[in-house]
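Heads up, the thing below is written out as structure tokens.
Residue numbers (the numbering used here), protein chains in the order written: chain A, 37 to 444; chain B, 218 to 385.
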């Protein structure tokens with residue numbers, strides 16, 4: 037348990053969000069996309085270039101850097117860092133932005149991720165990534181044909197099936213739910229609703245994962261803007277407050293986490309003891325979750341590890357209807373990485389900010405004003421009525437994850 | 218620096234200064250499976266690393282192990298990511314828990330290795346024969362004069378505990 041010497045709860049806010057189109061043919065550089073996403077987030081916040089003086093980004097040697105896009109937009113920076121990282125970086129960088137503001141290095145931070153994850157450096161690991169020489173720690177896995185995220189994570193799920201009797205059909209409900217949500221999201225890449233049979237009938241990628249258990253490689257850029265609660269009061273939208281954050285919390289032996297079991301345990305087991313006490317709430321208080329659905333089963337593992345159900349009962353939880361729009365606690369209401377597009381975690385935070393504002397960008401004619409129909413038939417509404425608290429569950433690998441609790 | 222080894226389209230690079238892996242592979246080429254063993258607390262670790270993850274001591278020696286163990290988890294790769302593995306699909310990747318040091322120093326820990334489950338002639342084992350709980354032993358796949366990969370193959374020892382595989 038981390039003891040807070042000085043609480044940060046409600047003292048920082050997310051004030052702007054923005055993204056490019058989600059596509060599989062951006063035809064643009066990561067620099068061009070990043071500029072668009074950051075500009076949209078600045079305008080969304082009601083800021084100007086002069087109102088942003090900090091920038092953070094993350095990447096895996098596949099993107100542009102803060103100094104370029106800040107210069108493109110005429111932003112003079114008092115603080116920036118471009119860090120190496122993939123999933124779970126979003127929440128971690130929101131926490132780092134709060135720290136940078138807290139110590140006075142800067143006042144307002146734009147956090148971005150830009151990636152041609154389909155047309156340039158494929159997130160699935162094919163192409164240039166598969167051709168790279170194998171050395172150092174990679175020698176423990178890659179010579180055995182274990183390279184991609186799916187190949188790296190699959191044994192965790194297989195052991196969960198062994199330990200707890202979890203089934204393919206149970207976790208297929210995650211894809212079913214997220215496809216339902218994507219059908220109400222005009223910007224989602226995959227808008228078609230699917231069934232459990234569609235998922236378990238799709239071809240094997242790496243058993244126990246079927247094709248439809250896997251997310252969709254996407255070209256996109258995304259941005260969120262963080263500032264102090266004091267400053268947020270003067271900006272365009274209702275401020276969305278950070279109640280708690282945990283960044284890249286890890287199991288022992290991250291480099292070869294199978295050495296330290298149980299291997300069906302993931303990082304949320306440790307992160308929950310940081311983020312919930314900081315926020316002063318428990319899982320029962322959360323209205324909407326945003327899990328890192330790189331795969332169907334990663335959602336299941338995170339939800340049970342954070343205590344939304346008992347450990348081992350994640351399969352029953354995700355197949356109960358709770359995580360669907362209209363259920364008690366919808367998850368990934370935009371369609372998430374499985375259906376909306378793969379963004380390394382950013383889009384689930386953006387979605388939760390919009391849910392808390394009440395202005396989710398669905399097909400409701402007055403969505404931007406916060407007027408919704410709450411009709412969850414395809415092509416209609418995905419706003420959760422009166423959502424007050426959301427939680428994001430960031431995932432890098434089974435042993436590393438982040439978390440973020442927001443309130444309106 | 219020894220020539221990098223070409224294997225299934227991959228360049229396996231183990232330069233002279235890579236003390237983690239160079240001697241490990243030299244032992245494997247002599248068909249010995251070795252672990253680094255802490256000189257202070259005596260615990261073994263894998264992969265080979267520079268400090269003891271339990272007591273932080275820097276001293277270590279190579280310790281040969283039996284190479285016998287149990288399948289702790291597995292996956293069957295149907296869609297190869299590395300082009301050189303396409304002609305091997307479907308192939309199993311297994312997490313093997315060695316007999317030595319099981320449940321030490323805490324009940325959840327063990328000496329576990331990732332490898333392929335192969336037939337004695339080093340072909341990928343059939344999906345229907347792969348299961349958690351089955352017993353295995355190490356076999357060595359020679360790649361060059363200075364390098365071999367430790368792989369695992371099924372034994373006819375009785376399984377320990379529950380044996381389970383994903384049907385379908």
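Where is the CB? At the ideal position from N, CA and C, for every residue including glycine.
If the cut is a Cβ gap below 7 Å, which residues of chain B does residue i touch?
i: residue 241 (chain A); result: 295 and 296
i: residue 194 (chain A); result: 290, 291, 292 and 383
i: residue 303 (chain A); result: Simply none; closest approach about 15 Å.
i: residue 166 (chain A); result: 298, 299 and 300
i: residue 190 (chain A); result: 292
i: residue 197 (chain A); result: 383
Check the Cβ of residue i against every Cβ in chain B and list those closer than 8 Å, keeping chain order.
i: residue 171 (chain A); result: 229, 230, 231, 232 and 235
i: residue 183 (chain A); result: 298 and 299
i: residue 162 (chain A); result: 298
i: residue 209 (chain A); result: The contacting residues do not exist; residue 209 (chain A) stays about 17 Å from chain B at best.
At a CB-CB cut-off below 9 Å, which residues of chain B make contact with residue i?
i: residue 331 (chain A); result: Result: empty, since nearest Cβ-Cβ is about 12 Å, beyond 9 Å.
i: residue 299 (chain A); result: 289, 290, 312, 325 and 329
i: residue 187 (chain A); result: 292, 294, 298 and 310
Determine whether the beta carbon atoms of residue i and residue j lie at a separation below 9 Å.
i: residue 255 (chain B); j: residue 271 (chain B); result: yes
i: residue 401 (chain A); j: residue 220 (chain A); result: no
i: residue 87 (chain A); j: residue 74 (chain A); result: no
i: residue 310 (chain B); j: residue 287 (chain B); result: no
i: residue 294 (chain B); j: residue 182 (chain A); result: yes
i: residue 375 (chain A); j: residue 246 (chain A); result: no
i: residue 157 (chain A); j: residue 91 (chain A); result: no
i: residue 323 (chain A); j: residue 261 (chain A); result: no
i: residue 279 (chain A); j: residue 442 (chain A); result: yes
i: residue 243 (chain A); j: residue 334 (chain B); result: no
i: residue 351 (chain A); j: residue 200 (chain A); result: yes
i: residue 235 (chain A); j: residue 378 (chain A); result: no
Report the residue from the options whose alpha carbon sits nearest the alpha carbon of residue i.
i: residue 232 (chain B); options: B:242, B:311, B:304 and B:358; result: B:242
i: residue 353 (chain B); options: B:220, B:369 and B:316; result: B:369
i: residue 230 (chain B); options: B:236, B:222 and B:237; result: B:222
i: residue 338 (chain B); options: B:326, B:357, B:220 and B:376; result: B:357
i: residue 52 (chain A); options: A:109, A:386, A:347 and A:364; result: A:386
i: residue 349 (chain A); options: A:191, A:330, A:202 and A:195; result: A:202
i: residue 298 (chain A); options: A:346, A:379, A:192 and A:384; result: A:192
i: residue 155 (chain A); options: A:45, A:65 and A:311; result: A:65
i: residue 386 (chain B); options: B:303, B:251, B:296 and B:267; result: Given that chain B is displayed from residue 218 to residue 385, the structure contains no residue 386 (chain B) and the question cannot be resolved.
i: residue 148 (chain A); options: A:130, A:61, A:165 and A:137; result: A:130
i: residue 84 (chain A); options: A:272, A:292, A:313 and A:151; result: A:272
i: residue 312 (chain A); options: A:329, A:422 and A:281; result: A:281
i: residue 143 (chain A); options: A:248, A:218 and A:134; result: A:134
i: residue 140 (chain A); options: A:380, A:151 and A:114; result: A:114
i: residue 98 (chain A); options: A:109, A:419 and A:122; result: A:122
i: residue 257 (chain B); options: B:263, B:268 and B:247; result: B:268
i: residue 136 (chain A); options: A:116, A:150, A:120 and A:127; result: A:116
i: residue 223 (chain A); options: A:196, A:232, A:256 and A:249; result: A:256
i: residue 237 (chain B); options: A:248, A:49, A:175 and A:58; result: A:175
i: residue 292 (chain A); options: A:412, A:370 and A:177; result: A:177
i: residue 232 (chain A); options: A:204, A:169 and A:250; result: A:204
i: residue 285 (chain B); options: B:225, B:375, B:323 and B:240; result: B:375
i: residue 95 (chain A); options: A:409, A:331, A:289 and A:70; result: A:70
i: residue 219 (chain B); options: B:234, B:225 and B:277; result: B:234
Per DSSP, residue i is paired with what?
i: residue 335 (chain B); result: B:341
i: residue 237 (chain B); result: DSSP lists no partner for residue 237 (chain B).
i: residue 439 (chain A); result: A:282 and A:429
i: residue 50 (chain A); result: A:262 and A:276
i: residue 223 (chain B); result: B:228
i: residue 419 (chain A); result: Paired residue(s): none; residue 419 (chain A) is not in a bridge.
i: residue 250 (chain A); result: A:331
i: residue 296 (chain A); result: B:326
i: residue 255 (chain B); result: B:277
i: residue 325 (chain A); result: A:367 and A:427
i: residue 120 (chain A); result: A:95
Whose Cβ in chain A lies nearer than 8 Å to the Cβ of residue i?
i: residue 264 (chain B); result: 173, 175, 176, 291 and 292
i: residue 221 (chain B); result: 169
For residue i, which residues in chain E fall below 8 Å Cβ to Cβ?
i: residue 337 (chain B); result: This model lacks chain E altogether, as its protein chains are A and B.
Who are the neighbours of residue i on chain A, taking C-beta pairs under 9 Å?
i: residue 270 (chain B); result: 288, 289, 295 and 296
Quick one: list the residues of chain A neighbouring residue i, beta-carbon separation under 7 Å, in chain order.
i: residue 243 (chain B); result: Within 7 Å Cβ-Cβ: nothing; residue 243 (chain B) doesn't reach chain A, min ~14 Å.
i: residue 332 (chain B); result: 180
Say the cut is 8 Å; is the CB of residue i nearer than that to a heavy atom of the ligand MG?
i: residue 247 (chain A); result: Ligands in the displayed structure: none, and consequently the ligand MG is not present.
Report the residues of the stretch 346–376 of chain B with a CB closer than 7 Å to any CB of chain A, ordered along the chain.
349 and 366
What are the residues in the stretch 316–349 of chain A lying within 7 Å of chain B by C-beta distance?
none
Which of the residues in the stretch 244–260 of chain A, read from start to end, lie with their CB under 7 Å from any CB of chain B?
244
Taking any Cβ of chain A, which residues in the stretch 271–283 of chain B have a Cβ under 7 Å from it, in chain order?
none
What are the residues in the stretch 224–241 of chain A lying within 9 Å of chain B by C-beta distance?
236, 239, 240 and 241
Can you list, in chain order, the residues of the stretch 107–138 of chain A whose Cβ is nearer than 9 Å to any Cβ on chain B?
none
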